[in-house]
Each structure stands twice: as structure tokens, then as C-alpha cells.
Amino acid sequence: MEVEARLGDGAQRVDLAPLVDHVRFACAQVGIERATVGLVVISPDEMADISGAHRGTPEPTDVLSFPVDGPEARDWPTEGPPPELGDILICPEAAQEPLTTLAVHGLLHLVGYDHEVDDGEMLALQDDIVHAAGSA
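In terms of numbering that gives the first Met the number 0, the sequence shown opens at residue 0 and continues consecutively.
Take a look at the structure:
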């Protein structure tokens with residue numbers, strides 16, 4: 000499991016290690032052992048630009064996810080390159096929850112969960128993963 004984490008230009012400085020650990024743990028919890036994920040902490044200005052371009056809301060939000068191979072990663076062949084789940088973008092200044100929770104939230108979106116259409120399944124799973132990761 001490879002998580003390519005970095006701080007974007009002008010982003011608030013945060014410790015990326017706990018975010019990476021939570022993304023790896025969440026992947027294991029949803030049955031993905033082999034994949035790559037991008038994780039970028041970005042500034043409010045950059046988040047507002049991206050949110051405006053992709054959601055029509057030019058304001059910073061806490062987390063956005065951009066899936067690539069996403070849900071198909073669970074059935075990915077074991078030979079060859081690993082699937083690329085996609086990218087998770089986090090803006091600390093817009094966060095209302097711990098950044099580790101947002102990292103798990105973003106990962107769940109990458110693998111196909113959607114709290115806007117399910118019956119609470121994604122958010123319950125998110126809480127379970129965050130709680131388990133805290134005691135792992």
C-alpha cells in the first residue's frame with residue numbers, strides 16, 4: 000500500500016504521518032491491500048479554486064476526493080501494477096473534524112462509498128475505522 004503524501008504550496012504545515020497511517024489502515028479495513036493513493040494538504044485558496052471548478056462552489060471545503068480506479072481496486076489482478084485509487088485533498092483551515100477523520104472519509108469516497116445516497120453506512124464505517132485506528 001503506497002500513499003504519496005505531500006504539502007501543497009501555501010498549505011498549513013501538518014504532520015502527514017498520522018494521515019498516511021489512517022489511509023493505510025482504512026484501505027486494509029475495506030479489503031484493499033495493494034494500491035496507490037495521493038494525499039495532498041492544500042491551502043484554502045487552492046481548495047476554493049478546485050471546489051469551484053469541480054463542484055460549482057468556489058469556497059474552501061474540508062476534503063475532496065478524486066477517484067481513478069476506485070471501487071474496481073478490490074478486484075484488481077495481483078500481477079502487474081497496483082491500482083491507483085485516486086487523490087484525497089484536505090484543507091486544514093476548513094476542517095471541522097480531525098484531519099485523520101477527513102483522510103478516512105476521503106479514502107472511503109475513493110473506493111465507492113457515498114454518504115449522500117446511502118443510509119448512514121459510510122459514516123458509520125468511517126467512525127468504526129477511525130475508532131479502530133486509534134486503538135491499533
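C-beta: ideal position from N, C-alpha, C; glycine also. Note that this is a predicted model, so its numbers are computed, not measured.
Status (buried if at least 16 other CB within 10 Å, exposed otherwise) for residue i
i	result
P57	exposed
D74	exposed
P76	exposed
P80	exposed
V116	exposed
A52	exposed
Selected residue, minimal CA-CA separation from residue i, among the options
i	options	result
I87	Q11, L38, A34 and G7	L38
V103	S50, L6, Q125 and A16	Q125
P17	C90, A4, I49 and A72	A4
L109	G9, V29 and V40	V29
According to DSSP, residues forming a beta bridge with residue i
i	result
E83	T35
L88	V39 and L63
E1	T35
L6	V40
Supposed close pair residue i, residue j - CB separation, criterion 8 angstroms
i	j	result
H130	L122	12 angstroms between Cβ atoms; not a contact.
I128	G105	Between G105 and I128 the Cβ distance is about 12 angstroms, and since that is not below 8 angstroms, they are no contact.
heavy atom of the ligand COA below 7 angstroms from residue i C-beta
i	result
A52	As presented, the structure is devoid of all ligands, the ligand COA included, so that no description of it is given.
Give a yes or no on contact between the segment 65-73 and the segment 27-36, applying the rule of three or more CB pairs nearer than 8 angstroms. yes
Inspect the CB distances between the segment 48-63 and the segment 10-30 and report whether three or more fall short of 8 angstroms. As far as the Cβ criterion goes, the segment 48-63 does not touch the segment 10-30, which means the pair count is below three.
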